[in-house]
Amino acid sequence: MKRIAIFASGNGTNAENITHHFNGKEKAGEVALIVCNRSGAGVVERAKRLNVPVALIDKNKMADKEYMLGLLEEHNIDFVVLAGFLMMIPSYLIEEYRDSIINIHPSLLPAYGGKGMYGRHVHEAVVAAGEKETGITIHRVSEECDGGEILFQAKISVTPEMSVEDVEKEIHRLEASHFPAVIERILSN
Ligand code: GAR
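Here the sequence shown is numbered in this note's numbering, starting from 1312 and rising by one per residue.
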């Protein structure tokens, strides 16, 4: 069974869905650690409720290869999932987990990816551009921001009546229904 670390900075709905999917069942993986860079983030409370250990980190800890690899080793982490994690991933971590680190992005990459494109900002840009569709992308993490190999995409239609909040809600629904299953498929291969 693969041991998963989820890195998250925000509300943590994806982290919670993934944990519910895996933990306590005979699945290909188990969420063994949640790593967060904001002590007040919703994901910290969720992790406590879910009984998953949390490691709070900051810029200095992230830059410290020995500390971070030590932390992941201490929890025997095989696979890293970025779920709304807003810090850049240093190259030593990408190298160490080369084919075992993935991210979810709330658009159809390469559209609406790159620096500054995260969460609500993505949906604002999609609505402002009058896009007829948007979606989610699950991809491997490479040195290029939002640029790694695409593993999965799913789409929704965007109608002119939809607000940014409507799009965000639909995207979260899409993430909830696909992300855990996609992770399971990757772990089982
Ligand atoms: C998710 O929609 C995820 O796709 C997005 O942040 C949200 C986190 O929600 N990630 C990015 O924008 C990464 N560039 P959550 O904290 O409720 O899981």
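Cβ atoms here follow ideal geometry from the backbone N, Cα and C, with glycine treated the same way.
In chain order, what residues of the same chain lie with their CB nearer than 7 Å to the CB of residue i, ignoring the 5 residues before and after it?
| i | result |
| --- | --- |
| Ala1339 | Met1312, Lys1313, Glu1495, Leu1498, Ser1499 |
| Ile1405 | Ile1412, Val1452, Ser1453, Glu1454 |
| Leu1383 | Ala1316 |
| Asn1414 | Leu1393, His1450, Val1452 |
Answer yes or no: the CB of residue i versus the heavy atoms of the ligand GAR, is any distance below 6 Å?
| i | result |
| --- | --- |
| Thr1283 | For residue 1283 there is no data in the structure shown, the boundaries of the chain being 1312 and 1500. |
| Thr1324 | yes |
| His1416 | yes |
| Gly1430 | yes |
| Gly1395 | yes |
| Gly1321 | yes |
When the Cα of residue i is compared with those of the options, which residue comes out closest?
| i | options | result |
| --- | --- | --- |
| Leu1389 | Ile1400, Arg1409, Lys1370 | At residue 1389 the sequence reads Asp, which differs from the Leu that was named. Nearest of Ile1400, Arg1409, Lys1370 to Asp1389, Cα basis: Arg1409. |
| Gly1458 | Gln1464, Gly1425, Ser1474, Lys1466 | Gly1425 |
| Gly1351 | Ala1319, Thr1470, Leu1380 | Ala1319 |
| Cys1456 | Ile1467, His1416, Asn1362, Phe1490 | His1416 |
| Glu1356 | Glu1444, Asn1322, Leu1462, Phe1490 | Asn1322 |
Going by beta carbon distance, what residues of the same chain come within less than 8 Å of residue i, once the five residues before and after it are set aside?
| i | result |
| --- | --- |
| Pro1364 | Ala1343, Leu1344, Ile1345, Ala1358, His1386 |
Rounded to the nearest angstrom, what separates residue i and residue j at their Cα positions?
| i | j | result |
| --- | --- | --- |
| Pro1401 | Val1493 | 24 Å |
| Lys1331 | Ala1440 | In the sequence as displayed, the identity of residue 1331 is His instead of Lys. C-alpha separation (whole angstroms): 36 Å. |
| Gly1335 | Glu1327 | 13 Å |
| Ile1368 | Leu1419 | 30 Å |
| Asn1348 | Glu1476 | 25 Å |
| Glu1460 | Met1428 | 18 Å |
| Met1373 | Ile1317 | 15 Å |
| Gly1446 | Ile1482 | 6 Å |
| Leu1256 | Ala1465 | The chain is shown only over 1312 to 1500; residue 1256 falls outside these bounds and no answer can be derived. |
| Asp1375 | Thr1470 | 46 Å |
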